[in-house]
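Input: a single structure, listed below in structure tokens.
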Amino acid sequence: MAPIKGKPLILYIAALERSLGALLAQHNDDGKENALYYLSRTLVGAEQNYTSIEKVCLALVFAVQKLRHYILSHRVILISKADPLRYLMSKPVLSGRIAKWSLLLSEFEIKFVPQKAIKGQALADFLAAHPTPDNMELPADLPDEEVFTIEALTWQLYFDGAARRNGAGAGLVFITPSGGLIPYSFSLLTLCSNNVAEYEALIIGLEIALEMHIDCLQAYGDSQLVVRQLNGQYAVRNATLVSYHDRAKYLMSQFQDIHGT
Numbered sequence: 001m002a003p004i005k006g007k008p009l010i011l012y013i014a015a016l017e018r019s020l021g022a023l024l025a026q027h028n029d030d031g032k033e034n035a036l037y038y039l040s041r042t043l044v045g046a047e048q049n050y051t052s053i054e055k056v057c058l059a060l061v062f063a064v065q066k067l068r069h070y071i072l073s074h075r076v077i078l079i080s081k082a083d084p085l086r087y088l089m090s091k092p093v094l095s096g097r098i099a100k101w102s103l104l105l106s107e108f109e110i111k112f113v114p115q116k117a118i119k120g121q122a123l124a125d126f127l128a129a130h131p132t133p134d135n136m137e138l139p140a141d142l143p144d145e146e147v148f149t150i151e152a153l154t155w156q157l158y159f160d161g162a163a164r165r166n167g168a169g170a171g172l173v174f175i176t177p178s179g180g181l182i183p184y185s186f187s188l189l190t191l192c193s194n195n196v197a198e199y200e201a202l203i204i205g206l207e208i209a210l211e212m213h214i215d216c217l218q219a220y221g222d223s224q225l226v227v228r229q230l231n232g233q234y235a236v237r238n239a240t241l242v243s244y245h246d247r248a249k250y251l252m253s254q255f256q257d258i259h260g261t
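With UniProt numbering applied, the sequence shown has no gaps in its numbers, which climb one by one up to 261 at the end.
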């Protein structure tokens with residue numbers, strides 16, 4: 001069943017010790033709640049060691065990644081036993097995993113509603129308790145798919161890398177189309193030059209952006225050498241930078257529209 005345009009979607013999520021479940025639903029014109037799609041999967045590897053609230057966050061991320069083309073064109077009412085959005089917003093320092101989740105979810109208009117005695121939540125709990133086998137592929141599209149036209153919005157990425165005697169670090173700031181800020185910082189494992197650190201920062205930023213399905217990106221860096229090499233104004237004469245330059249150019253080619261300054 002395809003969703004009704006203009007009506008909010010209802011997303012129920014559940015996270016158990018070793019599995020996740022989700023149900024996407026919507027009220028029809030008569031006020032009856034119709035189930036649109038079901039999702040479930042087992043937790044794998046390190047996911048099983050996540051805290052309870054992190055598993056709830058993962059359930060939400062799993063659901064929006066699978067249902068992205070519907071959720072982007074609707075308001076979403078999120079119903080679960082805990083509020084993953086509040087948890088992500090309350091973190092003073094974002095780890096790599098939490099930063100990626102925050103970035104992904106910032107695309108969507110999602111409002112949390114505390115769980116009550118609702119049929120849909122009971123079904124989401126059931127799905128989490130009976131996950132899809134690991135070897136079963138989930139369909140990429142929803143049945144009766146009707147994809148609404150969505151305008152590609154431009155994100156901004158500010159990247160900066162710096163090398164010091166005791167190591168190198170880099171920082172990223174994403175600015176969402178609605179003006180929200182998502183900072184991200186990390187340490188580089190090996191000693192390197194400032195220009196290598198700058199390339200590393202850009203490459204990680206581009207990889208995160210692609211993982212979040214960002215199509216249009218404006219990237220800003222403070223190294224004129226790196227920016228002009230990427231824009232083709234300068235040749236790459238330092239052999240150390242060639243592999244970084246090639247990797248960055250390849251990632252840039254994966255976007256629908258990208259500009260660097």
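We put the beta carbon where it would ideally sit given N, CA and C, even for glycine.
Item to check | Closest by C-alpha distance to Y244, when choosing among M212, F255, E198 and H259 | outcome: Within the sequence shown, residue 244 is the residue found at index 244, counting from 1. Considering only alpha carbons, the answer is E198.
Next on the checklist: Helix, strand or coil for E33? Go by DSSP, reduced to three states.
Outcome noted: Translated into positions along the sequence shown, residue 33 becomes position 33. In this structure, E33 counts as strand in the three-state DSSP scheme.
Next on the checklist: In the DSSP assignment, the alpha helix (DSSP H) including G205 goes from what residue to what residue?
Outcome noted: Position 205 of the sequence shown, counted from the first residue, corresponds to residue 205. Here the alpha helix (DSSP H) through G205 covers N194 to E211.
Item to check | Straight-line gap, S185 to D160 (C-alpha atoms, nearest Å) | outcome: Counting from one through the sequence shown, the residue named residue 185 turns up at place 185. Counting from one through the sequence shown, the residue named residue 160 turns up at place 160. The alpha-carbon atoms of S185 and D160 are separated by roughly 10 Å.
Checklist entry - Which of the three DSSP states, helix, strand or coil, is assigned to V76? => result Position 76 of the sequence shown holds residue 76. It is a strand residue.
Checklist entry - Among P3, D29, G96 and T42, which residue has its Cα nearest to the Cα of R75? => result The count along the sequence shown starts at 1 and reaches residue 75 at position 75. Looking at the Cα atoms, P3 is the closest of the given residues.
Checklist entry - When you compare each of L24, R18, L20 and L210 to Y250 by their alpha carbons, which one comes out closest? => result Position 250 of the sequence shown, counting from 1, holds the residue named residue 250. Cα-wise, what sits closest to Y250 is L210.
Next on the checklist: Would the stretch 102-112 count as touching the stretch 170-182 if we require 3 or more Cβ pairs under 8 Å?
Outcome noted: The answer is yes - the stretch 170-182 touches the stretch 102-112, with three or more Cβ pairs under 8 Å.
Next on the checklist: In whole angstroms, give me the CA-to-CA distance for N28 and N34.
Outcome noted: If you number the sequence shown from 1, residue 28 lands on position 28. If you number the sequence shown from 1, residue 34 lands on position 34. Cα to Cα, N28 sits roughly 7 Å from N34.
Item to check | 9 Å Cβ cutoff met for I203 and A248 | outcome: One-based indexing of the sequence shown puts residue 203 at position 203. One-based indexing of the sequence shown puts residue 248 at position 248. By the CB criterion at 9 Å, I203 and A248 fall inside the cutoff.
Next on the checklist: Taking its Cβ as the centre, do 16 or more other Cβ atoms sit within 10 Å of K55, making it buried, or is it exposed?
Outcome noted: Against the sequence shown, residue 55 aligns to sequence position 55. K55 is buried by the Cβ-count criterion.
Next on the checklist: Judging by CA-CA distance, which residue of Y234, L20, Q26 and A82 is the nearest neighbour of T42?
Outcome noted: The residue labelled residue 42 in the question sits at position 42 within the sequence shown. The shortest C-alpha to C-alpha distance from T42 to any of Y234, L20, Q26 and A82 is the one to L20.
Item to check | Span of the beta strand (DSSP E), counted from its first residue to its last, around I13 | outcome: The sequence position of residue 13 within the sequence shown is 13, counting from 1. From DSSP, the beta strand (DSSP E) with I13 extends over L9 to A15.
Checklist entry - Which word fits Q229, buried or exposed, when buried means at least 16 other C-beta atoms lie within 10 angstroms of its C-beta? => result Indexing the sequence shown from 1 puts residue 229 at position 229. By the 10 Å Cβ count, Q229 comes out buried.
Checklist entry - Is it buried or exposed for S102, if we count other Cβ within 10 angstroms and need 16 for buried? => result One-based indexing of the sequence shown puts residue 102 at position 102. Looking at its Cβ environment, which holds 16 or more other Cβ atoms inside 10 Å, S102 is buried.
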